[in-house]
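Data first, discussion second: the structure below is written as structure tokens.
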Amino acid sequence: MPRIQLRDVDTHYQQTGAGPDVILIHAFTSNLSVWMMTGITEALSDYRVTMYDLRGHGASSVPSTHYTSADMSDDLFQLMDALGIDSAYLVGHSYGGVIGMHAASLAPQRVGGVILSDTYFPGLRELEPDMGQADVWQELRDTLRKANVEVGDQVDFARLFRVVRDFDAEQLAVVKRELGPAGARWLSQVGQMADSTAGTEMFEEAGLTADRIAAVTTPVVALYDEFSPFDATSGFLRDRLADCVTDMVPKAKHLAPVQNPADLVRLIKTHLDRWSGR
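All residue numbers for the sequence shown refer to the numbering used here, where the first residue is 371 and numbers rise by one.
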């Protein structure tokens with residue numbers, strides 16, 4: 371299990387292949403294993419692919435603070451420096467895309483392109499006032515209610531983390547029954563962030579305002595799911611960015627790496643190959 375110390379976080383990462391550098395950035399509350407289950411490393415065997423667990427996630431350590439996209443993009447640059455990566459194509463799912471775009475806004479010379487997978491931006495929250503109505507949160511809320519646990523109608527990760535940390539044996543058994551072993555393992559690991567500021571800081575704009583997003587000149591591919599809750603964000607990126615191509619991942623509703631990995635990987639490879647001239 372390769373690890374590297376970055377500032378205040380001990381970071382778990384994996385690296386495969388050889389060729390142009392691609393860095394995969396997972397979503398908030400996820401971890402790098404979500405990429406490994408998609409088959410993307412096999413599809414991108416002619417690229418050098420780096421995956422890593424964000425601070426507080428997976429097998430990386432859990433600092434108490436510094437979870438904004440500005441902090442996370444700094445972690446990314448430190449990882450690149452430590453691994454000798456001058457520039458890379460960035461692929462980010464959900465919050466991973468926020469990190470990728472923040473990095474592109476701060477150091478465009480280090481980012482060859484950004485591929486977004488159904489990304490919600492705190493800086494565009496006015497476009498998406500009903501984020502709490504997204505299917506993924508509603509379904510999780512309904513599942514937890516079966517275990518007599520309440521997380522509320524609006525997305526509240528800090529509350530979710532505390533609830534998961536405090537599961538009793540009976541509640542955990544209900545969650546395992548409802549989500550299955552893999553889903554229960556995913557949910558169980560988010561409790562490790564209960565004593566951190568992660569649940570609130572990830573919703574901070576942190577300097578990545580609407581104008582800052584619109585000013586990004588790095589090539590961007592905006593992959594939004596067929597049943598995405600973030601159509602307004604996709605439209606903003608299409609209309610306001612200097613170099614943006616939009617595409618749709620069919621049969622998915624925010625969790626394309628799980629719901630339709632085959633089409634997601636196909637689209638990612640298609641656009642990476644276009645950028646790299648392959």
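Where is the CB? At the ideal position from N, CA and C, for every residue including glycine.
In this structure the region 442-462 touches the region 482-491; the number of beta carbon pairs closer than 8 Å is three or more. Per the Cβ contact rule, the region 406-424 is in contact with the region 628-642 (3 or more Cβ pairs under 8 Å). The three-state secondary structure of R515, taken from DSSP, is helix. Separation of S403 and K546 (C-alpha to C-alpha, rounded to the nearest whole angstrom) is 19 Å.
In chain order, T411, V419 place their CB closer than 7 Å to the CB of T386, counting only its own chain and leaving out the 5 sequence neighbours on each side. Bounds of the beta strand (DSSP E) holding T420 are 418-422. The criterion of a C-beta distance shorter than 8 Å is satisfied by E596 and V619.
Cβ-Cβ distances below 6 Å link D391 to R418, I455, A458 in the same chain, with the five nearest sequence neighbours on each side left out; the list follows chain order. DSSP places G522 in the coil class of the three-state scheme, outside both helix and strand.
DSSP places D445 in the uninterrupted alpha helix (DSSP H) bounded by 439-452.
If you look at S431, you'll find it isn't in any alpha helix (DSSP H); DSSP assigns it neither H nor E. Taken atom to atom, the span from the alpha-carbon of G522 to that of G553 is near 20 Å.
With contacts defined by Cβ atoms closer than 8 Å, D488 and A626 form a contacting pair. With fewer than 16 other CB atoms across the displayed protein chains lying within 10 angstroms of its CB, N518 is exposed. In the assembly as shown, S415 is an exposed residue. Its beta-carbon has fewer than 16 other beta-carbons within 10 Å. The three-state reading of DSSP puts L625 in coil, since its state is none of H, G, I, E or B.
Its Cα nearest to that of T603, the residue A580 stands out among L476, F398, P589, A580. In this structure, the straight-line span from the alpha carbon of L530 to that of E571 is close to 14 Å. Using a C-beta cut-off of 8 Å, the region 582-599 makes contact with the region 466-479, since at least three inter-stretch Cβ pairs fall below that distance.
The C-alpha of G569 is placed about 4 Å away from the C-alpha of A528. By the C-beta density criterion, S434 is exposed, having fewer than 16 other C-beta atoms within 10 angstroms.
Here L449 is not near F606, since their CB atoms are 8 Å or more apart. A direct Cα-Cα distance of roughly 12 Å separates A543 from R555.
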